[in-house]
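In the UniProt record's numbering, the protein residues as written are 1 to 309.
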């Protein structure tokens, strides 16, 4: 067994030694192919900088083409996108106001939840003490309550509240029917039972209010996230894209106006040259005594190309 381990160790060390020699040879070969310090001139750095600048310019051109909307530049497109920009800005303003109003209501509900939870803990503690006092005074009355109570006397109804277009649920407890044990008397712990009833009634009211506040809290949290996402999308994506599209349309229309102005200037120059040439020929004919008839609209006439002649 020891001989086998020695042979295996020798083979492993030999393979590692051979691989190390091969790695050193490749490293020396790569170092020999690298340029020397004298041959690595400044022109190489300049070429790298120019290549990177050209690539960045191409990338910026592609990104600018992608960041604007596909549109044919015209006066109608300019008016349409101006209206779209105005609508996007107005929508952003309205959504921002909505988000601010919802955030204000969100903070108010959060404060109410904290206060209600604190009050619930105190009321439940008092209710437990009242129940303990009632049991101490008149004994265990749970079996009597279970036999005599057939339906719930306190029920919950729901309403809806509209806050900046968001529907929030509101829960309110109410008494269904009369109180069966309204007059319990003072004997056999009746006063303690009445105190326990009032304590647990207050606890039920606070628990229903807390449930309503927590439901509104969760609903507002989701709506605020969606509204803020829309506000950020309009502010950082839609409005800049429309502005870049408008800048593209305006630049194309300006370029078209400059081309049209240059074209008119060239036409006027051509017409002036042609008119001067005709005046010179007419003067020469008059000096030579040529009194030929003037051209009329009935003569064959070909309109020469003034601009591209």
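We put the CB at the ideal spot given by N, CA and C, even for glycine.
Status (buried if at least 16 other CB within 10 Å, exposed otherwise) for residue i
i: residue 105; result: buried
i: residue 196; result: buried
i: residue 312; result: Residue 312 is absent from the model: the chain starts at 1 and stops at 309.
i: residue 150; result: exposed
i: residue 80; result: exposed
i: residue 247; result: exposed
i: residue 289; result: exposed
i: residue 193; result: buried
i: residue 111; result: exposed
i: residue 11; result: Its pLDDT being 44, under 50, residue 11 is placed unreliably by the model, and nothing is read from it.
Backbone CA spacing between residue i and residue j [nearest angstrom]
i: residue 69; j: residue 243; result: 10 angstroms
i: residue 75; j: residue 256; result: 11 angstroms
i: residue 171; j: residue 191; result: 31 angstroms
i: residue 62; j: residue 116; result: Interpretation of residue 62 is limited by its pLDDT of 47, a score under 50 that renders its predicted location unreliable; no figure is taken from the coordinates.
i: residue 210; j: residue 118; result: 11 angstroms
i: residue 77; j: residue 267; result: 29 angstroms
i: residue 261; j: residue 245; result: 24 angstroms
i: residue 152; j: residue 142; result: 15 angstroms
i: residue 312; j: residue 155; result: Nothing about residue 312 can be reported from this structure: the residues present for the chain run from 1 to 309 only.
i: residue 67; j: residue 167; result: 37 angstroms
i: residue 176; j: residue 158; result: 15 angstroms
i: residue 271; j: residue 280; result: 14 angstroms
i: residue 240; j: residue 259; result: 28 angstroms
i: residue 249; j: residue 228; result: 30 angstroms
i: residue 83; j: residue 277; result: 52 angstroms
i: residue 108; j: residue 131; result: 34 angstroms
i: residue 162; j: residue 217; result: 14 angstroms
i: residue 263; j: residue 230; result: 47 angstroms
i: residue 164; j: residue 219; result: 13 angstroms
i: residue 215; j: residue 113; result: 11 angstroms
i: residue 120; j: residue 97; result: 34 angstroms
i: residue 253; j: residue 72; result: 10 angstroms
i: residue 169; j: residue 208; result: 12 angstroms
i: residue 174; j: residue 212; result: 14 angstroms
i: residue 86; j: residue 251; result: 20 angstroms
i: residue 138; j: residue 160; result: 43 angstroms
i: residue 238; j: residue 206; result: 46 angstroms
i: residue 283; j: residue 265; result: 27 angstroms
i: residue 198; j: residue 88; result: 56 angstroms
beta-carbon residue i near the ligand MG non-hydrogen atom, thresh 7 angstroms
i: residue 72; result: This structure lacks the ligand MG; in fact it carries no ligand of any kind.
First through last residue of the alpha helix (DSSP H) which encompasses residue i
i: residue 240; result: 239-288
- Item | Segment contact flag, the region 234-249 with the region 87-100, C-beta cutoff 8 angstroms, min 3 pairs | The region 234-249 vs the region 87-100: in contact.
- Segment contact, 8 angstroms Cβ cut-off, at least three pairs: the region 125-138 with the region 190-207: yes
- Message: Going residue by residue through the region 115-165, where are the continuous beta strand (DSSP E) segments of at least 3 residues, counting only ones entirely within it?
- Response: 154-163
- Three or more C-beta pairs below 8 angstroms linking the region 221-228 and the region 100-117: yes
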